[in-house]
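Note sheet for the following structure.
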Amino acid sequence: MMFRDLQWGLVVLVAVLVALHFVLRIGYGLGELAPDLLLLSLLVTARFVKPGTAAGIGLFLGFLEGAMLPMTMGVSAVALVILGYVGGRTRKWFSDDNVVFLALYFFLGKWVYDGILFLFAGARPGMAADLLVISPLASIYAAIAGLLALFVYRKLS
Amino acid sequence: MIFLVIAFILVVLPEEIGDSAANLARETVLRPVFAIQRGAIEREVRFGDAERLRAERDSLAAVLVGSAALQAENRQLRDLIGIGERLPYQFVPVEVLHVHGRGFDGGFLLTAGRDDGVVPGSPIVSGGGLVGMIRNVGARGSVGMDWTHPDFRASGMTMDGDTYGMIQPYMGRGGERLLLMTGTPFHSDLSEGTLIVTSGRAVYPRGIPIGRILGPYRDEGTWRRSYLVEPAVTLAEMNQVLVLGEPSEEAFGQDLAGAWGVRPELPGRPADPTDPTRAPEATAPGVGPVQTDPALTPPEPDAPPPAAPQPAGPRVLGEPVQPPPDDGGR
Numbered sequence: 001m002m003f004r005d006l007q008w009g010l011v012v013l014v015a016v017l018v019a020l021h022f023v024l025r026i027g028y029g030l031g032e033l034a035p036d037l038l039l040l041s042l043l044v045t046a047r048f049v050k051p052g053t054a055a056g057i058g059l060f061l062g063f064l065e066g067a068m069l070p071m072t073m074g075v076s077a078v079a080l081v082i083l084g085y086v087g088g089r090t091r092k093w094f095s096d097d098n099v100v101f102l103a104l105y106f107f108l109g110k111w112v113y114d115g116i117l118f119l120f121a122g123a124r125p126g127m128a129a130d131l132l133v134i135s136p137l138a139s140i141y142a143a144i145a146g147l148l149a150l151f152v153y154r155k156l157s
Numbered sequence: 158m159i160f161l162v163i164a165f166i167l168v169v170l171p172e173e174i175g176d177s178a179a180n181l182a183r184e185t186v187l188r189p190v191f192a193i194q195r196g197a198i199e200r201e202v203r204f205g206d207a208e209r210l211r212a213e214r215d216s217l218a219a220v221l222v223g224s225a226a227l228q229a230e231n232r233q234l235r236d237l238i239g240i241g242e243r244l245p246y247q248f249v250p251v252e253v254l255h256v257h258g259r260g261f262d263g264g265f266l267l268t269a270g271r272d273d274g275v276v277p278g279s280p281i282v283s284g285g286g287l288v289g290m291i292r293n294v295g296a297r298g299s300v301g302m303d304w305t306h307p308d309f310r311a312s313g314m315t316m317d318g319d320t321y322g323m324i325q326p327y328m329g330r331g332g333e334r335l336l337l338m339t340g341t342p343f344h345s346d347l348s349e350g351t352l353i354v355t356s357g358r359a360v361y362p363r364g365i366p367i368g369r370i371l372g373p374y375r376d377e378g379t380w381r382r383s384y385l386v387e388p389a390v391t392l393a394e395m396n397q398v399l400v401l402g403e404p405s406e407e408a409f410g411q412d413l414a415g416a417w418g419v420r421p422e423l424p425g426r427p428a429d430p431t432d433p434t435r436a437p438e439a440t441a442p443g444v445g446p447v448q449t450d451p452a453l454t455p456p457e458p459d460a461p462p463p464a465a466p467q468p469a470g471p472r473v474l475g476e477p478v479q480p481p482p483d484d485g486g487r
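What follows is the structure in structure tokens.
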């Protein structure tokens, strides 16, 4: 596809998503009202680069996320490394043109990400509700935002 | 694989090293984000609630007019007996930057750091009472831990000092955030609404309100009891806080309850509910309006000071900490 050659376009897209993630969620204090653009930037990137590269990007993004969340250094990094690598592998499984699969990809990516974070956080009351109710909603939100980001990227490229 | 190993190393790194790395990122790459957040908070504080600010200003004016004579008299008496300010601790007023992470609660960032005089382990308080403590300090920011963090512990006691216990976070079945006072003697019988303050036996100075007893939790056997405690400071109230510094020399170990308008009760001297000088427990911090307390020190057992009732008004919590001299020793 044409946009596969436009790596700089991808870099710009990822940079914009990452900046927006921090500005919206932390700078303006929107928290989870803003979609998880950091994860989306990784999932989008993973569709265009090798799995190892995606894992490396995941490590960097996870480090940044860990720096923003006090006393959680490394947890996001582990989750994003795993998701980056697995996301890179999914290129073999389905095409970028399949909107349904892409939506499912973003949805599952977000849900698994939350699941890994909960795994590290340990059991606590209300965790099941968070994982089974809040997380799926956040995942749907992320999937919509991810599709929108890809749509914009393709239009611009 | 190597990236996964590095990520796991980040997880198991000692907290000091991990936070040093995080501080580095916060003060470089992520600095603009914090600048935006500080700007947003300042705008919110400045313009967000003009009506509330106006009401506070009017109340303040009324209090100032009404208590001018009392304050002058009080100042003279303090000068005479050599008592300092209400809160004998230096403090740094700080804004809290909340960053929510899935499954991780109780940590927050603060807008003041080493350069402002904040040191690790400092207690964090607000107008309601105890918020938590400083965990790690960077040059311009720091990481705090509030009472919802799983590692939070505080030694608490009743105001009369009869019952002690360990305070820890507790999450109810509905996800409500409460505190649990454990390890109290089995013979203790704390009624609902009893104020719990820090005992001064561990990290926190004595007398900072922690919360109020909601009721017994469940017996932990035959020799001790636990109680659910409603925190004095709710999560929504943790926006502007004070980080306590070092106590003044003469104030070391002093009870701080007076700074929150709560007067310590001496053991064996039950409070008289009709006593007009009685500490306003019913309107204690975090629950209702806090009253100014004329007495800085606990009343003497042999000669309780017949202090006159004071009007409700703003608290004066001491002098802001002075920035250290710029001698390059920071």
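Going down the list, the sequences are from chains W and Y.
FYI, the working numbering numbers position 63 of the first sequence as 63, with every residue one higher than the one before it.
FYI, the working numbering numbers position 22 of the second sequence as 179, with every residue one higher than the one before it.
Even for Gly, the Cβ is constructed at its ideal location relative to N, Cα and C.
Note that this is a predicted model, so its numbers are computed, not measured.
Item, Value
"Contact check, residue 400 of chain Y vs residue 296 of chain Y, beta carbons under 8 Å", "no"
"Limits of the alpha helix (DSSP H) - the one that residue 391 of chain Y falls within", "Where residue 391 of chain Y is concerned, there is no enclosing alpha helix (DSSP H), given that its DSSP letter is neither H nor E."
"Residue 55 of chain W: contacting residues in chain Y (beta-carbon distance under 8 Å)", "160, 161"
"Residue 109 of chain W: contacting residues in chain Y (beta-carbon distance under 7 Å)", "The premise fails here: residue 109 of chain W is roughly 14 Å from chain Y at the closest Cβ pair, so nothing lies under 7 Å."
"Residue 52 of chain W, enclosing alpha helix (DSSP H) - first and last residue", "51-68"
"Closer than 8 Å to chain W by CB, residue 276 of chain Y", "no"
"Three CB pairs or more closer than 8 Å across the region 274-288 of chain Y and the region 148-157 of chain W", "no"
"Terminal residues of the beta strand (DSSP E) in which residue 321 of chain Y lies", "321-328"
"Beta-carbon contacts of residue 54 of chain W that lie in its chain and below 8 Å, excluding the five residues immediately before and after", "42, 45, 46, 84, 85, 87, 88"
"For residue 129 of chain W and residue 106 of chain W, believed in contact at Cβ under 8 Å, the rounded distance", "The pair is not a contact, with the Cβ atoms about 22 Å apart (cut-off 8 Å)."
"Nearest to residue 136 of chain W (by Cα), restricted to the options W/113, W/151, W/122, W/149", "W/113"
"Contacts around residue 31 of chain W, its chain only, beta-carbon distance under 7 Å, and the 5 residues preceding and following it disregarded", "25"
"Status (buried if at least 16 other CB within 10 Å, exposed otherwise) for residue 148 of chain W", "exposed"
"Beta-carbon proximity of residue 349 of chain Y to residue 324 of chain Y, cut-off 8 Å", "no"
"Helix, strand or coil at residue 530 of chain Y according to DSSP, with G and I counted as helix", "A query on residue 530 of chain Y cannot be resolved here, the shown segment of chain Y reaching from 158 to 487 and no further."
"3-residue-minimum beta strand (DSSP E) runs that sit fully inside the region 258-295 of chain Y, ordered along the chain", "264-267, 280-282, 287-294"
"Residue 411 of chain Y at chain W interface by Cβ criterion, 8 Å", "no"
"For residue 90 of chain W, three-class secondary structure by DSSP", "helix"
"Local conformation of residue 34 of chain W per DSSP, three classes", "coil"
"Straight-line Cα distance separating residue 271 of chain Y from residue 341 of chain Y", "37 Å"
"Pairwise C-alpha distance: residue 151 of chain W and residue 48 of chain W", "15 Å"
"Residue 100 of chain W versus residue 301 of chain Y: straight-line alpha-carbon distance, rounded", "43 Å"
"Backbone CA spacing between residue 176 of chain Y and residue 70 of chain W [nearest angstrom]", "8 Å"
"Cβ pair residue 314 of chain Y, residue 354 of chain Y closer than 8 Å", "yes"
"Cross-strand partners of residue 159 of chain W (DSSP beta bridge)", "For residue 159 of chain W there is no data in the structure shown, the boundaries of chain W being 1 and 157."
"Where residue 20 of chain W falls, given that 16 or more other Cβ within 10 Å makes a residue buried", "buried"
"Boundaries (first-last residue) of the alpha helix (DSSP H) holding residue 154 of chain W", "135-156"
"Exposure of residue 145 of chain W, with buried meaning 16 or more beta-carbon neighbours within 10 Å", "buried"
"Residue range of the beta strand (DSSP E) that includes residue 337 of chain Y", "334-342"
"Rounded Cβ spacing between residue 197 of chain Y and residue 29 of chain W (contact assumed at less than 8 Å)", "6 Å"
"Contact belief for residue 160 of chain Y with residue 59 of chain W at Cβ below 8 Å, rounded distance in angstroms", "4 Å"
"Sub-8 Å separation of residue 40 of chain W and residue 17 of chain W beta-carbons", "yes"
"Residue 173 of chain Y versus residue 402 of chain Y - alpha carbon distance", "21 Å"
"C-beta neighbour in chain Y for residue 64 of chain W, strict 8 Å", "yes"
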